[in-house]
Ligand code: 7TS
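In the working numbering, the protein residues as written are 221 to 633.
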């Protein structure tokens, strides 16, 4: 089990007081996580101690920054069980990772009449790039439907996947309702029809053990800022044999081997996909975040979140008459995301009242507009938890919700 009290001491912002001295209750980790002192210090150490561009200089600082930069790639590769560091590319975030795949692999491998399949749960980042590519290539985009419990309708999968399917791109965990998708089982089905597999790990990599070899995916996209790391750094794992055949996405400095006025040849992996000066401090910070997560153990983090989700879902039962709570009932089948809606109270109004009590939740369509619309509502309120959240914070949320609903119930809304 996690020692959450001790963990909280590592996160300076968690002792912040908001409004009239109320402690901050951060229930918006699906949007971005808070950062531990160890990550913040890694950024300070970089800028104070060895700030220099990587893969360039023969001087001491450049060698030091290059060493730390490469070390972080090895840590992240081991974290997701990639077979070698070269198969992990740095990007800005999940969105850029998926766009890289669409613009490089997609450009070369999708042709007219091909099928691209995504799920009905997708964040816009794993939907819009495929809409664009399908339009450009005259390919077809198919959507795997979901059940009433917002899990994937596995019966429909076999009807939708076909020998025409070139790619199955799916979120590992829905950011809107928390559903965990059985990616390993789906990857197997996709492989059986000869399709490539992309997993959007934005909400899974920070919260549970993720093993690219076990899932047998071709691509895994993730964001550093949701896993205790800095903003502006993300990753893309690509299976080696796929990566070796991919064309560069961005071109320019650092990704080339030799350049003449007429032509250029490409650098080795992974540099071939990393044009320009990278986010060096971000990479070093993400390395520190991965150390922090590994020290706690991803199994322990997942276990903590299952317990917390169970506690939250049980607590929310008192609102059975008033609130719709989305996603699977079984905490083992979902992440620590509780999305809900009151038929007569706009989520933004709920969010604003909770904010006055120091509770940060997200309200809206969570960049998953088609998914949220399919619930029959324009927006939901969403509490998303992480390794630093406690049952006492869930109690505070429930208490504040009770108060807010009383307020609106009295006609004040
Ligand atoms: N995919 C999923 C499943 C996500 O939850 C998000 C971000 C992204 C992709 C995009 O990540 P980015 O780092 O490139 O922005 N989700 C959210 C959210 O739920 N609230 O704010 C961002």
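Every residue, glycine too, gets a C-beta built ideally from N, C-alpha and C.
Because the structure is a prediction, the values reported are computed rather than measured.
(message) Could you compute how far the alpha carbon of residue 631 sits from the alpha carbon of residue 229?
(response) Taking the first residue of the chain shown as position 1, residue 631 is located at position 411. Taking the first residue of the chain shown as position 1, residue 229 is located at position 9. Only weak support is given to the placement of residue 631: the predicted model assigns it a pLDDT of 49, under 50, and the question is left unresolved by the model.
(request) Classify residue 631 as helix, strand or coil using the three-state DSSP reduction. (result) On the chain shown, residue 631 is found 411 positions in, with the first residue counted as 1. Because residue 631 carries a pLDDT of 49, less than 50, the predicted location of this residue cannot be relied on, and the following value inherits that uncertainty. Residue state, collapsed to three classes: coil.
(message) If we require 4 or more residues per run, which alpha helix (DSSP H) segments fall completely within the stretch 499-526?
(response) Here the runs fully enclosed are 500-516.
(request) Compute the minimum distance between the beta carbon of residue 593 and the heavy atoms of the ligand 7TS, and state whether it is under 8 Å. (result) Position 373 of the chain shown holds residue 593. Exclusion of residue 593 from the 8 Å shell around the ligand 7TS follows from its C-beta lying no nearer than that to any non-hydrogen atom of the ligand.
(message) Under 5 Å, CB to any heavy atom of the ligand 7TS. Which residues pass, going along the chain?
(response) Counting every residue whose Cβ lies closer than 5 Å to a heavy atom of the ligand 7TS, we get 250, 251, 313, 314, 315, 343, 345, 391, 395, 420, 422, 423, 443, 586.
(message) My parser needs the beta strand (DSSP E) runs of 3 or more residues fully inside the stretch 561-619; what are they?
(response) Counting whole runs of 3 or more residues, the stretch 561-619 contains the beta strand (DSSP E) stretches 582-584, 600-604.
(message) Helix, strand or coil, according to DSSP, for residue 551 in the structure here?
(response) Indexing the chain shown from 1 puts residue 551 at position 331. In the structure shown, residue 551 sits in a helix (DSSP, three-state: H, G or I).
(message) On the criterion of 16 or more Cβ atoms from any shown chain inside 10 Å, does residue 426 qualify as buried, or is it exposed?
(response) For the purposes of this step, residue 426 is identified with residue 206 of the chain shown, where counting begins at 1. With at least 16 other beta carbons inside 10 angstroms of its own, residue 426 counts as buried.
(message) Going by the DSSP bridge assignment, what does residue 362 pair with across the sheet?
(response) Taking the first residue of the chain shown as 1, we reach residue 362 at position 142. 337, per the DSSP bridge assignment.
(request) Excluding the 5 residues preceding and the 5 following residue 288 in the sequence, name in chain order all residues of the same chain whose CB lies nearer than 6 Å to its CB. (result) Taking the first residue of the chain shown as 1, we reach residue 288 at position 68. Excluding the 5 residues flanking it on each side, residue 288 has same chain C-beta neighbours closer than 6 Å at 504, in chain order.
(message) In this structure, how does DSSP classify residue 460 when only helix, strand and coil are distinguished?
(response) Position 240 of the chain shown, counted from the first residue, corresponds to residue 460. DSSP places residue 460 in helix when its eight states are reduced to three.
(request) Answer with buried or exposed for residue 239, where buried requires no fewer than 16 other C-beta atoms within 10 angstroms of its C-beta. (result) Walking along the chain shown from the start, residue 239 turns up at place 19. Exposed, because fewer than 16 other Cβ atoms sit within 10 Å of the Cβ of residue 239.
(request) Rounded to whole angstroms, what's the CA-CA distance from residue 471 to residue 495? Just pull it up for me. (result) Residue numbering aside, residue 471 sits at position 251 when the chain shown is read from its first letter. Residue numbering aside, residue 495 sits at position 275 when the chain shown is read from its first letter. Their Cα atoms are separated by approximately 6 Å.
(request) State yes or no: is the C-beta of residue 349 within less than 9 Å of the C-beta of residue 313? (result) For this step, residue 349 is matched to residue 129 along the chain shown. For this step, residue 313 is matched to residue 93 along the chain shown. Result no, Cβ atoms of residue 349 and residue 313 do not sit closer than 9 Å.
(message) One question on the structure: do residue 525 and residue 606 come within less than 9 Å of each other, judged by their Cβ atoms?
(response) For the purposes of this step, residue 525 is taken as the residue at position 305 of the chain shown. For the purposes of this step, residue 606 is taken as the residue at position 386 of the chain shown. At a Cβ-Cβ threshold of 9 Å, residue 525 and residue 606 count as neighbours.
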